[in-house]
Amino acid sequence: MEKQSRLLCSELCVQRRLFEVTLNCTVLAWKDIQIDKKHTGRAIYGAVKAGSHCVPVCEIIAVQEKEDDSPCKDTGKWQKVPQSPADSCQHAFTVFYVERVRQHCWRCSNVTFHCSEHSMCLLWVQTIREQLALLTNRPKYLLVYINPYGGKQRGKQIYDHKVAPIFSRASISTDVIVTEHANHARDHLKMEADLKKYDGVVCVGGDGMFSEIMHGLVSRTQQEAGVDDNSMEETLMPCGLRIGIIPAGSTDCICYATVGSNDPVTSALHIVVGDSQPMDVCSVHNEDHFLRYSVSLLGYGFYGDVLTDSERKRWMGPARYDISGVKTFLSHRYYEGTVSFLPAEGNSGTPRDKMQCRSGKFIFLLTLFFLRSLMLTQTEIISFKILQSKISCFLFLIYFQMYFNHMMFDHSFVEVYRVKQFRFTPRYQECDSEVDLRESGATGKQFLSQICREHRACGCMPSQSNWNCDGEILPHTAIQSFHRQEIV
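Using the numbering used here, read the sequence shown as starting at 163 and increasing by one per residue.
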């Protein structure tokens, strides 16, 4: 690997300690220079640590020249003669950069370099800014939507105190809209917003707010491209704008899944440096009618019941999910229906997918959408999981414990399939005709698998649940098919 050529190299001071500072196209580095060996390792030089330090250029937030507030500037009075090179460094500039603290969390840190000449200071500031200007993936103009009612109603406070200063420091211009009612952001994106002048859209809120932004942006893209989103045969057009998430809601699952943390400062810094994570967007249909898009979770049974019950307890805030979860867990309901699906290519070689056809009752049906970087192939877009009902509450509890240890598949009562499309029909809506799932653009006969079709209930009436689609209740129980479409 070839060594990057240096753009600048100077001896600069950091907290009265002399460093050799170098800049190339990818890294800003500063290395300690020992002035007096007998003082090595002593703390008289200030809080800066001795040794070598480096920051990737792509993680530099901004550089700013510091005003000369030194008491040694020219005032017409007698001045003390500098005793060391550090004493003669009267001009300074500050570099703001990303610092990784605890796991997956970022903070904006800074280091101030002192120069002996003003021209040298200006040269460093100008050169660093030129390198930052070459990073074309960074946003310059953002459209921001703030949900003031989500979570603990601290969305605007979080943005004003934690996020806006970071955007301002990074010279990012923003248009801020505080939403006034449900679907305000979605409707504004679909009908009014001039999207051509923005580099991205930012939502300050929870999963519900992200869903609004995503629906508005995807629908606007399909509308401008002339794509009918009610047709399952249509190929959806990718969105041209990126979506940023500042977590400030009751649930921040999507932010946590993409960033690894639900910390607002971390999310803001990811937006500033231009990080992106591709996600699969799937459309949910009832017969020939489009219902919703989904990006994280589509759950029937347990997850649908928890959401339905929690909607009656919104006055409790985020605690309502815990209360409703315990209540639904103790009820231990089961559900019956038919699940038809089109397996992903190469699915037969997956150790988790042992059988293609199963019958029986189930406690919940869960569909997960994996991030593109975590997928084995381009076609394996949906992981589809069924928890059978012939288990006790104790085994159900064991399942949830293993879920958080990433071992939720290691149970005989859990079935996992990787599929491209699927259809669910509750038992009371089942018909004798075979379900036809056609892969878009494919020819020939498609392989179709069904589960939970032939089993007879054991005397008790099965329950009917609702679908939990990214934290929203779907109005229809019978759903079908999915598209794949990418956003970042």
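Cβ atoms here follow ideal geometry from the backbone N, Cα and C, with glycine treated the same way.
For residue i, the nearest candidate out of the options (CA to CA)
| i | options | result |
| --- | --- | --- |
| Val427 | Leu357, Ser271, Asp356 | Ser271 |
| Ile339 | Ile320, Val366, Phe258, Val325 | Val366 |
| Tyr483 | Gly466, Arg495, Gly499 | Gly466 |
| Ala269 | Leu357, Leu460, Pro480, Val435 | Reading the sequence as shown, one finds Arg at residue 269 and not Ala. Minimum Cα distance to Arg269 is reached at Val435. |
| Tyr497 | Gln384, Val446, Ser627, Asn392 | Ser627 |
| Ser393 | Asn630, Ile308, Val446, Trp192 | Val446 |
| Glu449 | Gln315, Lys193, Ala344, Thr639 | Thr639 |
| Met478 | Phe181, Leu174, Glu292, Gln315 | Gln315 |
| Asp414 | Asn186, Gly317, Glu577 | Gly317 |
| Gln583 | Trp629, Gln642, Glu577 | Gln642 |
| Leu492 | Arg291, Thr587, Phe464 | Phe464 |
| Cys444 | Thr490, Gln319, Ile334, Asp391 | Asp391 |
| His266 | Ser429, Val325, Asp349 | Ser429 |
| Asp442 | Lys475, Val380, Leu469 | Val380 |
| Asn186 | Cys277, His451, Glu292, Ser281 | Glu292 |
| Ile433 | Leu174, Val306, Glu182, Asp194 | Val306 |
Residue i CB to nearest heavy atom of the ligand SAH below 7 Å
| i | result |
| --- | --- |
| Lys489 | No copy of the ligand SAH occurs in the structure displayed, which carries no ligand at all. |
Extent of the continuous beta strand (DSSP E) run through residue i
| i | result |
| --- | --- |
| Glu182 | 179-185 |
| Tyr259 | 253-262 |
| Ser330 | First-last for Ser330: 326-331, but that is the alpha helix (DSSP H), not the beta strand (DSSP E). |
| Thr470 | Element bounds for Thr470: not the beta strand (DSSP E) but the alpha helix (DSSP H), 464-473. |
| Gln226 | 222-228 |
| Trp268 | 268-277 |
Beta carbon of residue i nearer than 8 Å to that of residue j
| i | j | result |
| --- | --- | --- |
| Leu169 | Thr289 | yes |
| Arg382 | Lys359 | no |
| Met376 | Val389 | no |
| Phe372 | Ile407 | yes |
| Leu296 | Ile222 | no |
| Ile485 | Val457 | no |
| Thr336 | Ile308 | no |
| Cys283 | His253 | yes |
| Trp629 | Leu459 | no |
Rounded Cβ spacing between residue i and residue j (contact assumed at less than 8 Å)
| i | j | result |
| --- | --- | --- |
| Gly378 | Ala347 | 6 Å |
| Ser472 | Gly312 | Contact flag wrong, Cβ pair sits at about 14 Å. |
| Phe255 | Glu279 | Contact doesn't hold; Cβ gap of about 12 Å is too wide. |
| Asn632 | Asp369 | Strictly speaking, residue 632 in this sequence is Asp, with Asn absent from that position. About 6 Å separates the two Cβ atoms, so the contact holds. |
| Leu304 | Val364 | 5 Å |
| Leu636 | Leu453 | 6 Å |
| Thr184 | Pro218 | That belief does not hold up - the Cβ atoms of Thr184 and Pro218 are roughly 13 Å apart, past 8 Å. |
| Gly499 | Arg589 | 5 Å |
| Phe275 | Val176 | 6 Å |
| Ser214 | Ala191 | 7 Å |
| Arg580 | Pro505 | 7 Å |
| Val225 | Val287 | 5 Å |
Residue i classed as buried or exposed, judged by whether at least 16 other C-beta atoms fall within 10 angstroms
| i | result |
| --- | --- |
| Pro301 | buried |
| Arg585 | buried |
| Asn424 | buried |
| Val263 | exposed |
| Cys216 | exposed |
| Thr397 | exposed |
| Glu229 | exposed |
| Ala332 | buried |
| Glu386 | exposed |
| Gly422 | exposed |
| Gly402 | exposed |
| Ala344 | exposed |
| Glu374 | buried |
Limits of the unbroken alpha helix (DSSP H) element including residue i
| i | result |
| --- | --- |
| Trp192 | Careful: Trp192 lies outside any alpha helix (DSSP H), inside the beta strand (DSSP E) at 189-194. |
| His432 | 426-435 |
| Glu292 | 280-295 |
| Cys415 | 415-421 |
| Glu374 | 369-387 |
| Ile485 | 481-493 |
| Asp353 | In the sequence on display, residue 353 carries Met and not Asp. Start and end: 346-353. |
| Lys318 | 317-320 |
is_contact[residue i, chain C] using C-beta, thresh 8 Å
| i | result |
| --- | --- |
| Cys277 | Reference to chain C is not applicable here, since this structure consists of a single protein chain. |
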